[in-house]
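Using the UniProt record's numbering, read the sequence shown as starting at 1 and increasing by one per residue. First comes the structure, then the notes that go with it.
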Amino acid sequence: EEFSLEILDDLDWCLDQLEAIQTHRSVGDLATSKFKRMLTKELSHLAESSKSGSQISEYISNTFLVVRRDVFCRKNFDKSNKLKRIWREKIVVIMFKNITCNRSAVETMIVISIHVRRLDKMMNGSLTDWNLSVFTLDKMTNGRSLTVMAYTIFKQRDLTKKFNIPHATLLSYLALVEGHYNPMASYHNHIHATDVTHAVHVILKKAPLLDVFTDLEILSVIFSSIIHDVDHPGLTNNHLINTNSELALMYNDESVLENHHLAVAFKLMQRNQCDIFCNVPPKIRQRIRKMTIDMVLATDMSKHMSLLADMKTMVETKKVSGTGLQLSENYNERIQVLKCLLHCADLCNPAKHLPIYSQWIERVMQEFFNQGDIERDLGLDISPMCDRHTASVEKSQVGFIDFIVQPLWETWAELVDPYCNDILDEIETNRNYFQLLSDNNETSP
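Structure, rendered in structure tokens:
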């Protein structure tokens with residue numbers, strides 16, 4: 001009987017999709033609906049398996065499936081006043097304030113130039129090493145890893161020359177952006193931006209992509225990776241929306257953080273000697289801005305299933321045509337691959353060697369727990385995986401890899417890079433490690 005009901009349910013869904021086709025829904029939308037449905041089914045089974053499985057299922061649903069939950073407040077609680085107090089005490093959100101740089105452009109250039117020489121000597125050309133430790137790099141550069149990484153990439157790719165970017169202006173802007181990453185955020189800080197920027201650079205160096213993108217597209221995706229989380233408060237979009245934060249009100253609950261990152265990045269460019277695109281023609285400048293906006297907005301994790309569905313659709317098209325990755329001049333097609341590239345780079349932690357991956361896990365869980373502590377103080381329901389007393393870290397990583405990371409990277413391999421088996425193997429190795437830890441935790445008394 002249960003099997004029959006499931007078949008009827010599937011038939012109802014098929015009829016809905018046929019009706020949707022008649023109302024001119026795109027293939028991408030239909031694919032997104034299909035994958036969301038499949039993931040929802042798998043998550044429901046996970047939720048039924050155990051209490052920790054339920055929490056992990058809820059976290060993945062809330063983060064990647066655009067499911068928003070209501071907030072519960074205790075009685076007789078002055079939420080607005082306490083919200084403002086905790087926001088001031090625990091969160092650093094610098095919004096368009098006129099902060100003066102500690103160093104002049106010339107002084108910054110001298111300091112960074114010294115670091116770049118040390119970087120070149122220490123790394124010995126290993127900037128394309130997938131497992132380069134950005135934590136070591138950050139210590140070596142005295143907390144200036146993003147400026148050093150971005151400046152080095154711009155120089156190696158000759159982007160300063162191709163787009164006539166003054167070196168002093170580039171350094172001033174990079175230092176300013178890095179200074180606007182929130183040091184109180186244990187995960188979404190300048191080191192994460194360094195890691196994502198490095199990952200984008202390495203992926204672009206892969207053989208299948210060497211001659212695919214224009215210099216303008218390469219500049220745009222590298223720039224997007226640098227600024228994609230600037231001024232992140234260390235809180236999720238759902239938390240900001242559920243607490244009626246100023247940012248959520250400003251952006252009408254839509255990709256709140258991503259809109260904020262973009263606004264801050266472009267606003268900082270208006271500072272004196274910080275406009276890195278000052279010598280770029282207006283039309284080209286607008287194209288950079290449009291691509292950057294499209295890519296950074298796509299880093300909203302609630303867009304994950306849509307991106308994955310679009311990638312799957314492109315994979316099927318590639319199979320039918322029997323060719324490799326051949327992008328037309330169509331903007332939508334090209335930006336779609338760039339969005340996916342940045343998204344893969346943003347979710348590259350489980351694809352790194354275990355010691356590096358483990359450091360990122362520790363950081364992201366600390367950020368989650370900090371949010372959970374704030375929600376507990378406010379009398380709110382604690383977000384999934386944010387309760388330091390109940391979260392199952394090992395099991396959450398297994399679920400994160402199984403439902404999100406592995407399908408994403410496998411699809412990327414099918415679409416773009418069939419030679420990234422080392423990345424897929426690393427993901428599988430890490431997944432098995434945390435599965436073993438999870439199993440041991442469940443069997444221990």
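The beta carbon of each residue, even a glycine, is placed where N, CA and C say it ideally should be.
- If you look at residue 386, you'll find it isn't in any alpha helix (DSSP H); DSSP assigns it neither H nor E.
- The alpha-carbon separation between residue 413 and residue 60 amounts to approximately 23 angstroms.
- Residue 310 and residue 340 have their C-alpha atoms roughly 9 angstroms apart.
- Taking a C-beta distance under 8 angstroms as the contact criterion, residue 180 and residue 230 qualify as a contact pair.
- For the set 127, 235, 145, 221, the Cα lying nearest the Cα of residue 156 is the one of 127.
- One thing to note: residue 174 has its Cβ within 8 angstroms of the Cβ of residue 146.
- In terms of Cα proximity to residue 280, the closest of 144, 132, 166, 401 is 166.
- Residue 409 and residue 351 do touch by the CB rule: their CB atoms are close to 6 angstroms apart, below 8 angstroms.
- With at least 16 other beta carbons inside 10 angstroms of its own, residue 217 counts as buried.
- Where residue 351 is concerned, there is no enclosing alpha helix (DSSP H), because DSSP gives it neither an H nor an E.
- The continuous alpha helix (DSSP H) containing residue 331 extends over residues 331 to 346.
- DSSP, read as helix, strand or coil, puts residue 292 in helix.
- Rounded to whole angstroms, the separation of the alpha carbons of residue 370 and residue 376 is 10 angstroms.
- In this structure, DSSP gives residue 438 a helical state, which the three-state scheme calls helix.
- Within its own chain, the residues whose Cβ lies closer than 7 angstroms to the Cβ of residue 178, once the five positions on either side in sequence are excluded, are 144, 146, 147, 190, listed in chain order.
- In the DSSP annotation of this structure, residue 277 is not part of any alpha helix (DSSP H), being labelled neither H nor E.
- One alpha carbon belongs to residue 210, the other to residue 403, and they sit about 30 angstroms apart.
- If you draw a 10 Å sphere on the C-beta of residue 266, you find fewer than 16 other C-beta atoms in it, and that means exposed.
- Judged by DSSP secondary structure, residue 379 falls outside any alpha helix (DSSP H); it is assigned neither H nor E.
- Around the Cβ of residue 228, a 10 Å sphere holds 16 or more other Cβ atoms; the residue is buried.
- At least 8 angstroms separates the beta-carbon of residue 186 from that of residue 359.
- Annotated three-state conformation of residue 422 is helix, per DSSP.
- 392 is the residue among 392, 421, 288, 277 whose C-alpha sits nearest the C-alpha of residue 435.
- With respect to residue 197, residue 172 sits apart: the two C-beta atoms are not nearer than 8 angstroms.
- Within a 10 Å sphere around the beta-carbon of residue 357 sit 16 or more other beta-carbons, which makes this residue buried.
- Excluding residues up to 5 positions away in sequence, 227, 292, 293, 296, 297 lie with their Cβ nearer than 8 angstroms to the Cβ of residue 262 in the same chain.
- The DSSP-derived three-state label of residue 65 is coil.
- Closest by C-alpha distance to residue 347, out of 160, 254, 299, is 299.
- When DSSP states are grouped into helix, strand and coil, residue 237 belongs to the helix group.
- Ranking 269, 424, 258, 236 by CA distance to the CA of residue 368 puts 236 first.
- Excluding residues up to 5 positions away in sequence, 277 lie with their Cβ nearer than 7 angstroms to the Cβ of residue 285 in the same chain.
- Take residue 162, set aside five residues on each side of it, and the residues of its chain with a beta-carbon closer than 6 angstroms to its own are 215, in chain order.
- Per DSSP, residue 143 lies in no alpha helix (DSSP H) and is assigned neither H nor E.
- In the three-state reduction of the DSSP assignment, residue 409 falls in the helix class, which pools H, G and I.
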